[in-house]
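What follows is a short report on a single structure.
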Amino acid sequence: MARHLRIREPRHHWLLVGLLLATLVGVLLVQGYVQRSWNDVTGAPRTTAGGDRAPREVLRDDRPVLDLSGDRPNAAAMPDRTVALTFDDGPDPRWTPRILEVLRRHRARATFFVLGSKVAAHPALARRIVAEGHEVGSHTYTHVDLARTPTWQRGLELGLTQKALAGSLGLHTHLLRPPYSAKPTELTGADYAAARDAGRAGYLVVLADRDTKDWSGLTEGQIVARATPSGQRGAIVLMHDGGGDRSRTVAALDTLLTRLDERGYRVTTVSDALHLRHTAVPVSLPERIAGGTVVAAQQAGRIAAVGLTYALAAAGVLTVGRVVILAAIARLHVGRARRNRRRPPANEPEWYYPPVSVVVPAYNEAAGIAATVGSLVRTTYPGPVEVVVVDDGSTDDTARIARELDLPGVTVLSQANAGKPAALNTGIAYARHEILVLVDGDTVFQPDTIAHLVAAFANPTVGAVSGNTKVGNTGGILGRWQQIEYVVGFNLDRRMYDVLECMPTVPGAIGAFRRQALADAADPAGPGSTYAMTGPVSVDTLAEDTDLTMAVCRAGWRVVYEETAVAWTEAPSSLRQLWRQRYRWCYGTLQSMWKHRRALVERGPSGRFGRRALPYLAVFQVALPLLAPAVDVFALYGLFFGEAVRVVGVWAAFVAVQALVGAYALRLDGERLTPLWTLPLQQFVYRQLMYLVVIQSVVTAVAGAPLRWHAMRREGTFARRDPASAV
């Protein structure tokens, strides 16, 4: 069956991913709205100097309870010897319970003007307030100044508070204290207009007779003095159970209640003192469900914000730590390679120059096959070299072009389309020599590449060698992004893997294997094994190079990286081509990791490979990319609702670290630093594309959807060059 067919990929999960991200955005918007407003809560009334004033009948009246539902205001005051203690800006998990305890000891009841957002954050505490006989009123959802907010936001603030009360307590309230308000005589014209709108919406506006200003740093005695009514008059006393340090408020409350009790005052709620009924109304089941949704959304937003804060910090530490460690190990690798590299004269016959077979699997590679084969023939390697081109049922002129080159030492085989692993196995079976170099049909070698690859096999423990792949088509910004990725990501990683002896991938573009290592890596099950039927390259995964390399490592062979063995490959020239290539790579890597998972618990070289390489791949190629979209959303949240300067600073520092490491990696590879100017742009397009590739791959793997190896359309980057001097 043809293996280069395009198979329909699962797509329904993108709807789920979109919904999850939309939900995350929604709950973070709720949290951001709440958090920004909480940061402004101080309990302090704003200045009332200047501007329009409230109607005279309100300013002259010292009655603080306003009914503004009709054409003319109606007001009420506390009866003599009656005090209504009121507390704003709660419930607060630290101070509200202490205030409730003081009230309980004195058998006093109070009115709590709560913030809807804090009710949603602490519903159990709100329920305790009501359960202990106190009443609640609205203080808006996020402590906004109703006089300075547009009409739509006033409605939103009051409506959300009612929903929070419905979801947490199963009731609505008709009592309202506008934030930043105190006594009736301090009302401005804008305050009165906002209060009148609330009154027409069914709210009873409750101001205060005695403003303790407990938010202003007064002593306990000063708070008590400001709260104590004069003579026998009753009063509504304004205090706070949230918005800051309320320790002096708690102490003053205890003293105040003792004093009021000694003077024969009754301490009760606003509604009880004025004999008001129906200020708290039970809600219907749909209203309770709607309120519960608001409460759940805010709590989910808080959890998401906290969780993503830690996740972002962990991801940042891991990412920065990774690049720093990669740079340090790269330096170690370079020093070790320079010390170990021997460069004997070419006329030294005893030097290690074994015969080499080069296998080139090709499917529809007409655009570049001549350049590839030409570069292999032009090698300066002193030993015998045979080149085996395996045409895997191409539908273009790949086989004809390769044959018409008529180059010495080149054999062209043709087979029915069966996929890249089958083509490799065909070429390996035909090849005559012990050292096998595997090359993609879109890759060209430098004249000394084979020599550098083969030199590592002088060490009898080496079973495979990874070469240094470079991007040949770097003309556009996409090519430059891939150039950075190849040099900074892939090649720095390979230096680390070499030092730690846990190389997971010898790239298909340029790699060399000892035939015995391939045999040892194959399934040892006997004549009916996969190896006996198909060859050493498994068809179990789409990343045959990763699967094969992992098997070689588990068989006990060393796999090394040789940075001087350079090959130039044609990278995808469009986002669509890049997606298809990386999707196959990522999906195949996941398959290979799962296939070789037992290496995590095995002993010897296999266990060393498994416990070093597999967790690294799982964290940096799976877990962090899966988390990245949520982290990006949270970064945007930080820009709008957090400290934008800090967010930008962290991002800039992250890019700067990447740029420094990138410059070092490019310098190690002898390349110019000009691609680095595209690095900031890479963070906004290329990085997200790679994350989406991982998501698609993980979903495909979990769903068990079939996926087949399919070739990339070639642009013929090297086609204009002379095949005899391919580089």
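Mapping the sequence shown onto the UniProt record's numbering, position 160 (from 1) lands on 160, and the numbers just tick up by one.
Using N, Cα and C, we set each Cβ at its ideal position, and we do this for glycine too.
If you're wondering where the values come from, they're calculated on a predicted model, not measured in any experiment.
### Task
Report, in whole angstroms, the separation of the C-beta atoms of A273 and A75, which I expect to be a contact under 8 Å.
Taking the sequence shown and counting its residues from 1, one reaches residue 273 at position 273. Taking the sequence shown and counting its residues from 1, one reaches residue 75 at position 75. Not really, about 14 Å apart at Cβ, beyond 8 Å.
### Task
Compare the C-alpha of P629 against each of A618, V693 and R515 and name the closest.
Position 629 of the sequence shown, counted from the start, is the residue given in the question as residue 629. If we check each option's Cα against that of P629, V693 comes out closest.
### Task
Work out the CA separation of T188 and T48 for me, nearest whole Å.
Looking up residue 48 in the sequence shown gives position 48. Looking up residue 188 in the sequence shown gives position 188. With a pLDDT of 47 at T48, under the threshold of 50, the modelled position of this residue cannot be trusted, and the question is left open.
### Query
From C502 to W677, what does the alpha carbon distance come to, in whole angstroms?
To locate residue 502, count along the sequence shown from 1; it is residue 502. To locate residue 677, count along the sequence shown from 1; it is residue 677. So the alpha carbons of these two residues sit roughly 33 Å apart.
### Message
Mapping the DSSP letters down to three states, classify Y33 as helix, strand or coil.
### Response
In the sequence shown, counting from the first residue as 1, residue 33 sits at position 33. Note: Y33 maps to helix in three-state DSSP.
### Message
Which of the three DSSP states is assigned to residue 784 in this structure?
### Response
What is shown of the chain runs 1 to 727, which leaves residue 784 out entirely.
### Close beta carbons around A201, own chain, < 6 Å, minus the five adjacent residues each side
Sequence index remark: in the sequence shown, residue 201 carries index 201 (1-based). Cβ within range, chain order: n/a, list empty.
### Message
For P179, count the other beta carbons within 10 Å of its own beta carbon; 16 or more makes it buried, fewer makes it exposed. Which is it?
### Response
Taking the sequence shown and counting its residues from 1, the one referred to as residue 179 is at position 179. Buried, by the Cβ-count rule.
#### Entry: As assigned by DSSP and simplified to three states, the class of T142
Stepping through the sequence shown from its first residue, residue 142 is reached at position 142. T142 falls in the coil class under three-state DSSP.
### Task
Return helix, strand or coil for L20, following the three-state DSSP convention.
To locate residue 20, count along the sequence shown from 1; it is residue 20. Helix at L20.
### Query
V136 bridges to which residues according to DSSP?
Position 136 of the sequence shown, counted from the start, is the residue given in the question as residue 136. DSSP output for V136 lists F112 as bridge partner(s).
### Query
Can you tell which of V488, Y686, Y497 and D545 has its C-alpha closest to the C-alpha of V657?
The count along the sequence shown starts at 1 and reaches residue 657 at position 657. Nearest C-alpha to V657: V488.
### Message
Just to confirm the assignment, what range does the beta strand (DSSP E) spanning R672 have?
### Response
For the purposes of this step, residue 672 is taken as the residue at position 672 of the sequence shown. Unbroken run through R672: none, as it is neither H nor E.
### Task
Report yes if the C-beta distance between L424 and V390 is below 9 Å; otherwise report no.
Here residue 424 refers to the residue found at position 424 of the sequence shown. Here residue 390 refers to the residue found at position 390 of the sequence shown. Yes. Within cutoff.
### Query
Between the region 440–455 and the region 564–580, do at least 3 Cβ pairs fall closer than 8 Å?
yes
### Query
Where do the N-terminal and C-terminal ends of the beta strand (DSSP E) with R266 fall, by residue?
Counting from one through the sequence shown, the residue named residue 266 turns up at place 266. Residues R266 to T268.
### Query
Is it true that the region 548–560 meets the region 659–672, where meeting means three or more beta-carbon pairs spaced less than 8 Å apart?
The region 548–560 vs the region 659–672: no contact.
#### Entry: Test item: CB-CB of L453 and G467 under 9 Å
Here the question's residue 453 lines up with position 453 in the sequence shown. Here the question's residue 467 lines up with position 467 in the sequence shown. Yes, Cβ-Cβ distance for L453 and G467 is below 9 Å.
#### Entry: Three-way DSSP call (helix, strand, coil) for residue 732 in this model
Only positions 1 to 727 of the chain appear in the structure, and residue 732 is not among them; the question remains open.
### Query
Any idea if S529 is buried or exposed, counting beta-carbon neighbours within 10 angstroms, 16 or more meaning buried?
The residue given as residue 529 occupies position 529 in the sequence shown. Because S529 sits at a pLDDT of 41, beneath the cut-off of 50, its placement in the model cannot be relied upon, and the following sentence gives the value as read from the coordinates. Exposed, because fewer than 16 other Cβ atoms sit within 10 Å of the Cβ of S529.
### Task
Starting from S414, follow the beta strand (DSSP E) in both directions and report where the run begins and ends.
Residue 414 sits at position 414 when you count from the first residue of the sequence shown. Segment V410 to Q415, the beta strand (DSSP E) holding S414.
### Query
Taking buried to mean at least 16 other C-beta atoms within 10 Å of its own C-beta, is A431 buried or exposed?
Residue numbering aside, residue 431 sits at position 431 when the sequence shown is read from its first letter. In summary, A431 is buried, with 16 or more beta-carbon neighbours lying within 10 Å of its beta-carbon over all protein chains present.
### Task
For the alpha helix (DSSP H) containing D545, list its first residue and its last residue.
Residue mapping note: residue 545 aligns to position 545 of the sequence shown, counting from 1. Taken as a continuous stretch (DSSP letters only), the alpha helix (DSSP H) holding D545 covers E544 to R554.
### Message
Please state whether the Cβ-Cβ distance between T86 and A110 is less than 9 Å.
### Response
One-based indexing of the sequence shown puts residue 86 at position 86. One-based indexing of the sequence shown puts residue 110 at position 110. Going by C-beta atoms, T86 is nearer than 9 Å to A110.
### Query
In angstroms, rounded to a whole number, what distance separates the CA positions of V205 and R646?
The sequence position of residue 205 within the sequence shown is 205, counting from 1. The sequence position of residue 646 within the sequence shown is 646, counting from 1. C-alpha of V205 to C-alpha of R646: approximately 41 Å in a straight line.
### Query
For N459, which of helix, strand or coil comes out of DSSP?
Numbered from 1 along the sequence shown, position 459 holds the residue referred to as residue 459. Here N459 sits in coil by DSSP.
### Message
Just to confirm my understanding: we take R154, look at its own chain, exclude 5 residues before and 5 after, and list those with CB closer than 6 Å. What are they?
### Response
In the sequence shown, counting from the first residue as 1, residue 154 sits at position 154. Setting aside the 5 residues that flank it on each side, R154 is surrounded in the same chain by L146, each with a C-beta closer than 6 Å to its C-beta; the list follows chain order.
### First through last residue of the alpha helix (DSSP H) which encompasses Y587
Here residue 587 is taken as the residue at index 587 of the sequence shown, counted from 1. Run containing Y587: L575 to K595, per the alpha helix (DSSP H) assignment.
### Query
Going by alpha carbons, who is nearest to L24 out of G301, E135 and A517?
Looking up residue 24 in the sequence shown gives position 24. Closest option to L24, judged by alpha-carbon separation, among G301, E135 and A517: G301.
### Task
From the DSSP output, read off the bridge partner residues of F87.
In the sequence shown, residue 87 corresponds to position 87, counting from 1. DSSP, once it has assigned bridges, lists F112 and M239 as partnering F87.
### Task
Output the boundary residues of the alpha helix (DSSP H) element that contains M395.
Start at 1 with the first residue of the sequence shown, and residue 395 comes out as number 395. Looking at the sequence provided, one finds Thr at residue 395 rather than Met. Annotation for T395: no alpha helix (DSSP H) segment contains it, and DSSP assigns it neither H nor E.
### Query
Can you give the Cα-Cα distance for L176 and H139, rounded to whole angstroms?
Sequence index remark: in the sequence shown, residue 176 carries index 176 (1-based). Sequence index remark: in the sequence shown, residue 139 carries index 139 (1-based). So the alpha carbons of these two residues sit roughly 6 Å apart.
### Whole-angstrom distance between P536 and F622, CA atom to CA atom
Residue mapping note: residue 622 aligns to position 622 of the sequence shown, counting from 1. Residue mapping note: residue 536 aligns to position 536 of the sequence shown, counting from 1. The displayed chain sequence assigns Val, not Phe, to residue 622. For V622 and P536, the distance between alpha carbons rounds to 27 Å.
### Task
To the nearest angstrom, report how far apart V699 and S117 are at their CA atoms.
Locating residue 699 in the sequence shown gives position 699, where the first residue counts as 1. Locating residue 117 in the sequence shown gives position 117, where the first residue counts as 1. If I take the Cα positions, the gap works out to 37 Å.
### Task
Inspect the beta-carbon positions of L312 and F513 and report whether they are closer than 9 Å.
As a working note, residue 312 is residue 312 in the sequence shown. As a working note, residue 513 is residue 513 in the sequence shown. No.
### Query
Roughly how many whole angstroms lie between the Cα atoms of L66 and L207?
Start at 1 with the first residue of the sequence shown, and residue 66 comes out as number 66. Start at 1 with the first residue of the sequence shown, and residue 207 comes out as number 207. Straight-line measurement puts the Cα of L207 at about 8 Å from the Cα of L66.
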